[in-house]
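Notes follow the structure.
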DNA sequence: GGCCGTTCTTGTCATTTGACAAGCAATAGC
DNA sequence: GCTATTGCTTGTCAAATGACAAGAACGGCC
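Protein chains in written order, with this note's numbering: chain A, 1 to 193; chain B, 1001 to 1193.
See below:
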């Protein structure tokens, strides 16, 4: 695994040049996760700012009734971390799990902060990542409030079909905010078209 | 209106001393909004990083069906801004509206960036605000997926009863992700207890 | 090959919620 | 003071979704 994808990802936001990207990427260390392995577990403080190079992951939490609820999916080429635990140094309430064998590049909180301090351009990148995640979540929230489950499913199918290829449907169901039975019926209805 | 609340707010995160808070607060300008006035309108680029000193506000968006959907409420003592539009300098999809007469302190994007650049402690504050908003939204999303509307309503009643005193119920309803009729029924059921 | 656990689908029934319309109360504007 | 608007509640009916259980499909493992 080379750092090519990571460097490319750093540059793509526009704040970071190729030379800078190479230096910044130099601070990241490889990290491998077997299928079903955990990048983060509830109760622990997240210490990985993780760029997923290959594989597929999800984040989930247990609600008060003990249901496993998927909160996010991550495809290769995305940043994976739990905002609140990582930046506030507080115990996580979420798990982050490899759905397939995964490899990527990781940096610790201390090191990330050092980079933020030393490199204004990387700081801008960091803020852009926060904003991107925040804005994406707002979109999802709005859809959750205003769209029916069937519409949300079809939007997901269009926007991120790879999720359906890697994640079990019950995880997709909790991500969409419905039961696995309902999702099954939604799929049945939508395949008729 | 004095800058006392603003200074106190800046300090409360722990990154900023009293002396620094006074200097930073010096960069903010007063801003007044009459009831129903707009701090931000869809289509415009947000240029207010706004601390609400007195009053009550809400953010909302129109969904594809044209429904007015409340995405957030803001009580006095909170920061009010639309993340994506403000930081990405892109047109907003949301409106931010005064529900009562409001006053507060505002700073523009350029000035904020200048402060971030000049003051590492304020930068930390800024990141903490982003993380707080992001994490809060995640909690809300999880509740939206896993809790019934009646439970969400009662949680809101416990955590932010002031919302019910200032916002019309139809706004609360769309915030909770239900119709105004449903909320009315939920309230009826919940008052029986 | 055969067993077992997991995933997915399907059926049945109850509950929640939405859509729509009507009615009443409060409020603002004339 | 009167009217128009808005906000809130309620009734009725239909649609969406959940809860629960059973069974089919599939893969891993001995």
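C-beta atoms are modelled at their ideal positions from N, C-alpha and C, and glycine is treated no differently.
Assigned with DSSP and collapsed to three states, residue 1091 of chain B falls in strand. The criterion of a C-beta distance shorter than 8 Å is satisfied by residue 25 of chain A and residue 10 of chain A. Residue state for residue 28 of chain A is assigned as coil, using DSSP reduced to three classes.
Looking at the DSSP output, residue 1013 of chain B shares a beta bridge with no other residue.
Inclusion of residue 1063 of chain B and residue 1005 of chain B in the CB contact set at 8 Å is not warranted, their separation being larger than that value. Scanning the stretch 1087-1155 of chain B for uninterrupted beta strand (DSSP E) segments of 3 residues or longer gives 1095-1098, 1102-1107, listed from N- to C-terminal end. Segment contact: the stretch 1029-1037 of chain B against the stretch 1100-1116 of chain B, three or more CB-CB distances shorter than 8 Å; contact assigned. An exposed status is given to residue 1162 of chain B, since fewer than 16 other beta-carbon atoms sit within 10 Å of its beta-carbon.
With respect to the 8 Å criterion, residue 68 of chain A and residue 56 of chain A are not classified as neighbours on the basis of their beta carbons. Scanning the stretch 53-88 of chain A from its first residue to its last, the whole alpha helix (DSSP H) runs of 4-plus residues come out as 83-88.
When the five nearest sequence neighbours on each side are left out, the beta carbons in the same chain lying within less than 8 Å of the beta carbon of residue 1082 of chain B are those of 1040, 1046, 1059, 1092, 1094, 1096, in order along the chain. Residue 51 of chain A is not a Cβ neighbour of residue 87 of chain A, given a cutoff of 8 Å.
The beta-carbon of residue 1134 of chain B is placed less than 8 Å from the nearest beta-carbon of chain A. In this structure the stretch 1139-1154 of chain B does not lie against the stretch 151-158 of chain A, because fewer than three pairs of beta carbons, one per stretch, are closer than 8 Å. For residue 161 of chain A, the enclosing alpha helix (DSSP H) stretches over residues 161-166. Secondary structure of residue 178 of chain A (DSSP, three-state): coil. With distances taken between CA atoms, residue 2 of chain A lies nearest to A:31 out of A:116, A:13, A:31.
With a threshold of 16 other beta carbon atoms within 10 Å, residue 1169 of chain B falls short and is exposed. Residues 125, 128 of the same chain have their beta carbon placed closer than 7 Å to that of residue 13 of chain A, with the five preceding and five following residues left out of the count.
Neighbourhood of residue 1084 of chain B in chain A, by CB distance below 8 Å: 131, 134, 135, 138, in chain order. The C-alpha of residue 1123 of chain B lies about 5 Å from the C-alpha of residue 1116 of chain B. Check the Cα spacing between residue 173 of chain A and each of A:183, A:73, A:134, A:85: the tightest is with A:183. Going by DSSP, residue 38 of chain A is part of the beta strand (DSSP E) stretching over 38-40. Chain-order list of chain A residues neighbouring residue 1174 of chain B: 145, 146, by C-beta distance under 9 Å. For residue 76 of chain A, no CB of chain B lies under 8 Å from its own CB, so it is not counted at the interface with that chain.
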